[in-house]
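These notes concern the structure reproduced below.
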Amino acid sequence: MESPNNKVAGDQSFVAGILALIGRVLLAVSIPLISFYVLYLGFLFLRDSNAPREIIVLIAIIWGVGGVGLLYWVFNWLVEKLPDQWKGRLLPFVFVGPAIAILSWYLAIPTLRTFYLSLFGRDGPPEGLSFIQQISSAAFVGFGNYASVFTQDLMVEAFRNNLMWIIFGSTFSVIFGLLIAVLADRSSFEKLAKSLIFLPMAISFVGAGIIWNFIYEYRPEGQTQIGLLNSIVTSLGGTPEAWPQWVAISPWNNLFLIVIVVWLQAGFSMVLFSAALKGIPEELLEAGRIDGANEFQIFFRIMMPYIQGTLISVWTTIIIFTLKIFDVVWVMTGGQFGTHVIATQFYRQSFTNRNSGFGSAIAIVLLIAVIPVMIYNLKRFREQEAF
Amino acid sequence: MSSAKNQKRLGKWLVNLTLLLLVLIWTIPTLGIFISSFRNRDKIATTGWWNVFPHREWRPVSELDPKALGLNPDEVMEIEGVSGTFDQFRKGIETPDGKRVTWIGNKRLGKVEVQENAWTIDWDFSLDNYEQVLGGQDFEFRRPDGSVEVVPGDNMVNAFLNSLAVAIPSTVIPILIAAFAAYAFAWMKFPGRRGMFIMVVALLVVPLQIALVPILRDYRSLNLNGTFLAIWLAHTGFGLALATYLLYNYISSLPRDILESAFIDGASHFTVFTTLVLPLSVPALASFAIFQFLWVWNDYLVALIFLGGNPEFELVTQRMAAIVGARGQDWHLLTAGAFVSMILPLTVFFTLQRFFVRGLLAGSVKG
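Structure follows, in structure tokens:
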């Protein structure tokens with residue numbers, strides 16, 4: 001028999017259940033909403049506030065770092081509320097989703113968008129038209145931009161210079177890095193030497209530009225030279241020059257800029273070679289010595305084949321790096337005096353001349369240049385069966 | 001036997017000497033800027049920084065008045081036992097006893113100095129240059145002839161703070177996002193996992209130039225351009241592929257049984273991630289953090305494009321490039337400014353070098 005009391009209790013628990021459900025839904029909706037609202041307020045504050053710089057900076061750091069943590073926490077909290085089956089399905093995407101979304105927005109999709117832009121004239125595809133209308137409009141130039149990329153005088157100069165950067169920059173970085181690694185391994189002050197060679201890696205290109213501008217500083221003949229290079233040259237009886245701006249020896253004045261990158265990158269290759277050299281088993285070298293090999297033979301016949309893998313990866317890294325070189329040239333010469341490279345031309349066309357079609361075509365050429373490395377990376381990844 | 005030993009010693013000596021030479025060549029450029037940043041503004045502009053090392057220089061011993069000596073600068077003159085024309089004396093004529101007679105100034109008002117070649121050292125260091133590059137106001141200089149010159153300083157403090165506000169979140173945000181993703185790739189099963197990771201690997205070397213124009217268009221339409229959020233997201237986007245790849249390699253190699261026993265105890269993925277995986281991954285997180293911090297702090301291109309329109313948010317690299325462009329001869333500002341911009345990356349670098357090297361060894365190429 002059903003007692004009225006029981007019915008009341010049942011009603012109560014039913015009402016309580018509904019209330020709890022409403023409460024949970026409200027909470028589920030309001031916590032994200034409040035979080036988003038707080039984050040949005042922070043954004044507005046940072047954009048429009050006139051507070052003292054120190055406070056803005058502090059709030060920016062807390063808001064930026066805390067905000068991301070908060071978002072993950074909120075989404076995880078939401079998904080944990082779901083039934084187990086849905087939780088298992090959705091949770092991985094809470095973890096991996098933001099990374100994939102950002103990578104898609106910032107790198108994957110832009111390759112397609114940039115390629116599309118590169119098929120149009122300077123102002124890009126006309127807005128408000130459908131895809132068919134856009135590609136049949138007058139702004140559509142097909143591969144016309146690519147034709148100019150490979151024929152325009154300044155671009156041809158940029159390709160030539162970039163080739164010099166790639167050849168000399170990477171070769172000298174590798175040679176000096178390897179030489180220093182080998183020497184340091186046998187010297188009495190390995191740690192100190194490696195730290196000092198490595199130090200320029202912490203310096204920005206702009207800073208390095210200033211440092212080397214000071215080395216190249218030029219004063220007219222007869223005045224006291226305050227730049228180290230011109231001081232040495234004049235004391236040896238030569239004439240002072242403004243080295244990177246010395247157009248008379250073009251294109252070789254580019255070498256004075258390439259030196260800067262060798263100076264910055266030798267530390268990088270040194271560290272990798274040093275680790276690789278230390279990985280060579282001592283018995284192997286000892287066996288070579290007992291067989292009567294001299295140090296040069298040991299270097300070229302034993303060490304070099306052993307560190308071949310490292311050699312290739314360091315070389316590729318620096319090639320890609322010099323392919324995209326921008327800051328050094330931009331700060332030192334601004335691309336004048338015959339020193340333009342692909343990336344400075346990209347900047348000039350895209351942002352100074354505001355010719356988005358031409359600039360995008362240059363960016364696509366850069367992308368095509370790194371595709372072999374991309375394919376190599378993917379191939380190596382496929383070989384790792386573990387994934 | 002002893003000759004072999006000698007040869008070995010000679011070899012070692014040769015190695016040390018060559019290495020020392022290379023280290024010197026690598027250090028001198030930075031040393032020059034560093035020393036110059038403490039030198040007086042006039043000294044930087046007129047003498048080489050290497051004058052702070054002991055060197056021989058002609059210094060005046062006594063001064064003569066040409067009028068009192070009754071000299072006529074238009075003829076061959078004889079002073080202190082040497083004779084020559086005015087132009088020769090202007091350059092200086094050495095006397096047999098190792099001194100030098102030099103005419104200073106013009107024909108009418110000049111004076112004659114007897115100089116000797118002596119060892120000197122040019123030590124006159126101060127923090128004035130740093131004060132000027134940070135102080136942001138005008139500074140007065142007294143020229144040697146007594147007139148006063150006003151030279152504007154520079155306000156690097158603001159730029160320094162802006163760089164901090166950009167660099168710290170731009171380092172932490174991609175690490176956090178990448179660590180979550182790396183955890184999911186390593187310890188969760190979900191559809192599309194392999195495809196997504198292949199995308200990460202493929203994007204490792206994509207040059208960021210490819211993204212600048214489209215992203216700038218998005219920012220314009222979202223009204224995000226020139227804000228901190230814009231540049232954080234940009235640096236996150238450009239650093240994320242490498243971060244995810246490196247952290248995946250580390251997190252996937254964590255010992256399986258530790259994590260599994262946590263799951264058996266009923267811990268959720270979120271708890272395992274925050275309380276177990278993050279603390280265990282500190283070495284990998286630190287090495288990528290140093291990478292990303294140095295990269296963001298030293299970046300110029302991304303800042304130029306996404307913050308370029310807003311002078312209030314200028315970063316140190318932009319500030320320095322602006323000084324190079326507008327006041328490229330103001331070496332007292334450039335040298336001190338360069339060091340202000342380097343102080344933080346160098347500190348990070350030297351205190352955390354161990355992690356940095358480890359990151360390089362695990363690393364790959366950044367796009």
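Chains as they are written, first to last, in our numbering: chain A, 1 to 387; chain B, 1 to 367. By construction, the Cβ of each residue, glycine as well, lies at the ideal position given by its N, Cα and C atoms. Every value quoted in this text rests on a predicted model; they were computed, and no experiment measured them.
Out of A/Tyr-376, A/Phe-176, A/Val-206, A/Val-271, point me to the one whose CA is closest to B/Leu-21's CA.
Comparing alpha-carbon positions, the option among A/Tyr-376, A/Phe-176, A/Val-206, A/Val-271 lying closest to B/Leu-21 turns out to be A/Phe-176.
Whose C-alpha, out of A/Gly-238, A/Phe-214, A/Arg-53, is nearest the C-alpha of A/Gly-222?
Among A/Gly-238, A/Phe-214, A/Arg-53, the Cα nearest to that of A/Gly-222 belongs to A/Gly-238.
Simplified DSSP assignment, three categories, for A/Ile-342
A/Ile-342: helix per DSSP, three-state reduction.
Which residue wins for smallest C-alpha separation from B/Leu-64, given the options B/Thr-120, B/Thr-102, B/Asp-265?
When only C-alpha atoms are compared, the closest one is B/Thr-102.
Got a sec: which bits of the segment 237-270 of chain B sit with their beta carbon under 7 Å from any beta carbon on chain A, in order along the chain?
Correct list: Gly-237, Phe-238, Leu-240, Ala-241, Thr-244, Ser-268, His-269, Phe-270.
Beta-carbon within less than 8 Å of B/Asp-74's beta-carbon, same chain only, minus the 5 sequence neighbours each way: which residues are those?
Within the same chain, Phe-86, Lys-107 come within 8 Å of B/Asp-74 by CB-CB distance, once the 5 residues on both sides are set aside.
Which residues of chain A have a Cβ atom closer than 8 Å to the Cβ of B/Phe-228, listed in chain order?
Contact of B/Phe-228 with chain A by beta-carbon distance below 8 Å involves Leu-46, Ala-60, Gly-64.
Do B/Pro-345 and A/Ala-202 have their beta-carbon atoms positioned less than 8 Å apart in this structure?
Taking 8 Å as the Cβ cut-off, A/Ala-202 and B/Pro-345 qualify as a contacting pair.
Using 8 Å for Cβ pairs, my map puts B/Leu-161 next to A/Glu-54. What's the rounded Cβ distance?
Indeed, because the Cβ distance is near 6 Å, the residues count as touching under 8 Å.
Determine, using beta carbons only, whether A/Val-57 comes closer than 8 Å to chain B.
Yes, A/Val-57 lies at the interface with chain B (some Cβ there is under 8 Å from its Cβ).
Buried/exposed call for A/Tyr-40, threshold 16 Cβ in 10 Å
So A/Tyr-40 ends up on the exposed side.
Would DSSP call A/Ser-250 helix, strand or coil?
In the structure shown, A/Ser-250 sits in coil (DSSP, three-state: anything other than H, G, I, E or B).
Quick one, which of B/Phe-339, B/Ile-215, B/Gln-318, B/Pro-191 has its alpha-carbon nearest A/Leu-91's?
Of B/Phe-339, B/Ile-215, B/Gln-318, B/Pro-191, the residue nearest in Cα terms is B/Pro-191.
How would you list, in chain order, the residues of chain A whose beta-carbon sits under 8 Å from the beta-carbon of B/Trp-232?
Those within 8 Å of B/Trp-232 in chain A are Gly-64.
Segments of 4+ residues assigned as alpha helix (DSSP H) that fall wholly inside the segment 33-86 of chain A:
Restricting attention to alpha helix (DSSP H) runs no shorter than 4 residues, the segment 33-86 of chain A encloses them at 53-80, ordered along the chain.
In terms of alpha-carbon separation, which member of B/Thr-47, B/Phe-89, B/Leu-109, B/Gly-32 lies closest to B/Ala-373?
Since the displayed chain B opens at 1 and closes at 367, residue 373 of chain B lies outside it and no answer follows.
Helix, strand or coil at B/Met-320 [DSSP, three-state]
Three-state result, B/Met-320: helix.
Can you tell me where the alpha helix (DSSP H) holding B/Arg-59 begins and where it ends?
In the DSSP annotation of this structure, B/Arg-59 is not part of any alpha helix (DSSP H); the continuous beta strand (DSSP E) holding it starts and ends at 55-64.
Starting from the Cα of B/Trp-58, find the closest Cα among B/Gln-115, B/Thr-95, B/Leu-19 and give me that residue.
Nearest C-alpha to B/Trp-58: B/Gln-115.
Closer than 8 Å, Cβ to any Cβ of chain A: which residues of the segment 171-190 of chain B, in chain order?
The segment 171-190 of chain B vs chain A, Cβ under 8 Å: Val-172, Ile-173, Leu-176, Ile-177, Ala-178, Phe-180, Ala-181, Tyr-183, Ala-184, Phe-185, Met-188, Lys-189, Phe-190.
If A/Ser-173 and A/Gln-265 are in contact, beta carbons under 8 Å, what's the gap, nearest whole angstrom?
About 4 Å separates the beta carbons of A/Ser-173 and A/Gln-265, which is inside the 8 Å limit, making them a contact pair.
Give the interface partners of A/Ala-108 over in chain B, defined as CB-CB distance under 7 Å, in chain order.
Per Cβ cutoff of 7 Å: Met-199, Leu-203.
When the distance is taken between beta carbons, is B/Leu-259 closer than 8 Å to B/Trp-187?
Going by C-beta atoms, B/Trp-187 is nearer than 8 Å to B/Leu-259.
With 8 Å set as the bound, which would you pick, yes or no: does the beta-carbon of B/Met-156 sit closer than that to a beta-carbon of chain A?
No, no contact with chain A.
Out of A/Phe-358, A/Leu-367, A/Ala-248, A/Phe-381, state which residue places its alpha-carbon closest to the alpha-carbon of A/Phe-150.
When only C-alpha atoms are compared, the closest one is A/Phe-358.
Based on the DSSP secondary-structure assignment, which residues constitute the bridge partners of B/Arg-368?
Lying before the first or after the last residue shown, residue 368 of chain B is absent from chain B, which here runs from 1 to 367.
For the alpha helix (DSSP H) containing A/Glu-383, name the first residue and the last one.
Per DSSP, A/Glu-383 belongs to the alpha helix (DSSP H) from 356-383.
Please compile the residues from chain B whose C-beta is within a distance smaller than 7 Å of the C-beta of A/Tyr-72.
At a C-beta separation below 7 Å, A/Tyr-72 has these neighbours in chain B: Phe-180.
Is the segment 341-355 of chain B in contact with the segment 292-309 of chain B, if contact means three or more CB pairs nearer than 8 Å?
Result yes; three or more Cβ-Cβ pairs closer than 8 Å.
Quick check on A/Phe-143: does DSSP put it in helix, strand or coil?
Of the three classes helix, strand and coil, the one that applies to A/Phe-143 here is coil, per DSSP.
Looking only at its own chain, which residues have a Cβ that is under 6 Å from the Cβ of B/Arg-100, when we skip the five neighbours before and after it?
Around B/Arg-100: Trp-58, Gly-92, Glu-94, Gln-115.
Proximal residues of chain A, C-beta to C-beta of B/Ser-341 below 8 Å:
Here the neighbours are Ser-204, Val-206, Gly-207.
Does any residue of chain A bring its CB to less than 8 Å from the CB of B/Lys-12?
Yes - at least one Cβ of chain A is within 8 Å of the one on B/Lys-12.
Considering B/Pro-152, what are the terminal residues of the beta strand (DSSP E) in which it resides?
Here the beta strand (DSSP E) through B/Pro-152 covers 148-152.
Cβ-based neighbour list, A/Ile-22, same chain, cut-off 6 Å, excluding 5 preceding and 5 following:
Closer than 6 Å at Cβ, skipping near neighbours: no residue.
Specify the secondary structure class of A/Ile-226 as computed by DSSP and reduced to three states.
If DSSP states are grouped into helix, strand and coil, A/Ile-226 belongs with coil.
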